[in-house]
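Below: the structure, in structure tokens.
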Amino acid sequence: MASQDPTAAAPSPPGLVDLLREILADGLRVGRAELNLVRAEGIAAGKRGARAAGLLAGAVVAVFLTIVFLLGAGAEALGGLLGHRWLGWLVVAALSLAVAAVLGWLGYRTVKRTIAEGRRVGAAVKEDLEWLRELPRQRASGS
């Protein structure tokens, strides 16, 4: 009978490199699973946000239509009081035009101020960048 080597028959324990590979592979699987979970949650949140935006847009349209109908009813009532329907509509149109003019003027001023502020910020950034460009030269000259 041939004698068998007991060490040859027993499986060798996994080496340190094999264990590290397994740990790294498990870590990568967990990382991918987490990434997929975050991606799925982000997509679901985006869909909910889009649905909410659609509902809010519908509400804005409904409010706009309500305002139009209320203005029409007010114009009809005012025209009835003045004795001519068209006169009521003319008064409401003039008031709407006045509101639009005031809002447009305020918007124009705001845009003008915003542009001026943007130019000031741009000039400040330009100064800072110029200072950063000169910094190595100042250090080289010792000042």
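Sequential numbering of the sequence shown, starting at 2, is according to the numbering used here.
The beta carbon of each residue, even a glycine, is placed where N, CA and C say it ideally should be.
Computed from a prediction, not measured in an experiment: that's the story for all the values here.
Of the other Cβ atoms in all chains shown, 16 or more fall within 10 Å of the Cβ of G89; this residue is therefore buried.
Note on geometry: alpha-carbon atoms of K127 and R114 lie some 20 Å from one another. Using a 10 angstroms sphere on the CB of A58, the tally of other CB atoms stays under 16, which defines it as exposed.
One Cα belongs to L83, the other to V62, and the distance between them is close to 31 Å.
V93 and A76 do touch by the CB rule: their CB atoms are close to 4 Å apart, below 8 Å.
C-alpha of V100 to C-alpha of A60: approximately 23 Å in a straight line. Per DSSP, reduced to three states, the secondary structure at P137 is helical.
For G81 against W87, the beta-carbon gap comes to about 11 Å, at or over 8 Å, which does not count as contact. In the displayed model, G43 falls within a helix according to three-state DSSP. Here the C-alpha atom of A102 lies approximately 18 Å from the C-alpha atom of V69.
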